[in-house]
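Asks: I have a structure here, written as structure tokens, and I will follow up with some questions on it.
Residue numbers (full-length UniProt numbering): 1 to 364.
Now the structure itself:
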């Protein structure tokens, strides 16, 4: 019989070894930062962290607490995509240690019971299995974009939406007539009806990509990076008309191209970009603000310049603060004759970085 008692919650004085992680999920709700999953490096190997634990950081007291989770606990997942809607954390896709998945899980964060539910019997066709994708939350819907995964020959019905990773033929999988690569598809999930759909978009869509960043401002979904380019590219999808446009900045300097970074909406017209991995393999610590009205990038002068981050999380806190947690600062890229390989990071960060994006009130 399932234990219906409230899960164990304990105060925790975290250490680098216990709390440091990358590739995790983080949600800011009020004064609490919820952190789930991720990976750490153990004896030179990247290890996926348990999926039946929820870490909570109280930003007022500075204390961490740990709670057990129950229900339909997801498998150990990496490179998944998460979203927060109506008090629930949704987790979709990723790798489960054996293959890419397209499963959806949900947990209520507000009731503090932390009981997972796997969403099955959905209507419509879900996206193909993928990882390193992103999503927007708009109009009580979750809208997914891009990612890296596999498709059969039959599924490759639109070459413009999928770029084949030719190196994967030698390094991934054994199934004949299955192709791996990047996509620029848009899929929508509606929790109220438990249904999937694929909106038909128009306009100049972004090229297929993964490890990019996305954010919503008003009715517009923005996506940037994730490509091997010298300068950052920025694209906008109108979530009412499903029309893509590429956003060009005609004023000032552009950030360098990057992946594994974060993009956070901090006001009705501004986006905040932080960190990532440059196209040349360098961890970044720069911070930028983009004004969606003036189409201008502005670099920030901040106190965390000596703390580069990639593969981290970022969320909007109280008073416009951007809360950055985890990630790594010593990511290494190795090359061989077949593919680009990633060396495990030696140090996964455990500190919380606060970026103040607007003046505080006198009370604060």
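We treat Cβ as the ideally placed atom computed from N, Cα and C, and that holds for glycine.
1. With distances taken from CA atoms, which of 297, 147, 63, 222 is nearest residue 80?
2. Roughly how many whole angstroms lie between the Cα atoms of residue 210 and residue 299?
3. Return yes when the Cβ of residue 116 is within less than 8 Å of the Cβ of residue 44, no when it is not.
4. At a cut of 8 Å, does the segment 255-272 reach the segment 186-198 through at least three beta carbon pairs?
5. Below 6 Å CB to CB, which residues in the same chain sit around residue 59 once its five sequence neighbours on both sides are set aside?
6. Give, in chain order, every unbroken run of the beta strand (DSSP E) that is at least 3 residues long and sits entirely within the segment 96-130.
7. Output the distance between the C-alpha atoms of residue 366 and residue 325, rounded to the nearest integer angstrom.
8. Give the secondary structure of residue 356 by DSSP, where H, G and I count as helix, E and B as strand, and everything else as coil.
9. Report, in whole angstroms, the separation of the C-beta atoms of residue 283 and residue 330, which I expect to be a contact under 8 Å.
10. Taking buried to mean at least 16 other C-beta atoms within 10 Å of its own C-beta, is residue 212 buried or exposed?
11. Does the beta-carbon distance from residue 273 to residue 287 come in below 8 Å?
12. Since residue 142 and residue 83 should fall inside the 8 Å C-beta cutoff, what is the C-beta to C-beta distance between them, to a whole number of angstroms?
13. Which partner residues of residue 181 appear in the DSSP bridge assignment?
14. Looking at residue 368: is its Cβ nearer than 8 Å to the Cβ of residue 144?
15. So, at 7 Å on beta carbons, what are the nonlocal neighbours of residue 376 in its own chain, with the 5 sequence-adjacent residues on each side left out?
Replies: Reading off the structure:
1. Here residue 80 refers to the residue found at position 80 of the chain shown. Among 297, 147, 63, 222, the Cα nearest to that of residue 80 is on 147.
2. Numbered from 1 along the chain shown, position 210 holds the residue referred to as residue 210. Numbered from 1 along the chain shown, position 299 holds the residue referred to as residue 299. Cα to Cα, residue 210 sits roughly 24 Å from residue 299.
3. Here the question's residue 44 lines up with position 44 in the chain shown. Here the question's residue 116 lines up with position 116 in the chain shown. A distance of 8 Å or more separates the beta carbons of residue 44 and residue 116.
4. Not touching, per the Cβ criterion.
5. Against the chain shown, residue 59 aligns to sequence position 59. Same-chain partners within the cutoff: 31.
6. Those beta strand (DSSP E) runs which fall completely within the segment 96-130 and span 3+ residues are 100-108, 115-118.
7. Absent from the structure is residue 366, since the part of the chain shown begins at 1 and ends at 364.
8. Position 356 of the chain shown, counted from the first residue, corresponds to residue 356. Residue state, collapsed to three classes: strand.
9. Counting from 1 along the chain shown, the entry for residue 283 is found at position 283. Counting from 1 along the chain shown, the entry for residue 330 is found at position 330. With a beta-carbon spacing of about 7 Å, residue 283 and residue 330 fall inside the 8 Å limit used to define contacts.
10. Residue numbering aside, residue 212 sits at position 212 when the chain shown is read from its first letter. Counting Cβ neighbours within 10 Å, residue 212 comes out buried, since at least 16 surround it.
11. By 1-based counting over the chain shown, the position of residue 273 is 273. By 1-based counting over the chain shown, the position of residue 287 is 287. Closer than 8 Å, so yes.
12. Along the chain shown, read from residue 1 onward, the residue named residue 142 stands at position 142. Along the chain shown, read from residue 1 onward, the residue named residue 83 stands at position 83. About 5 Å; that satisfies the 8 Å criterion.
13. Position 181 of the chain shown, counting from 1, holds the residue named residue 181. Its beta-bridge partners are 149, 164.
14. Nothing in the structure corresponds to residue 368, since the chain is present only between 1 and 364.
15. As shown, the chain starts at 1 and ends at 364. That puts residue 376 outside it, with no answer to give.
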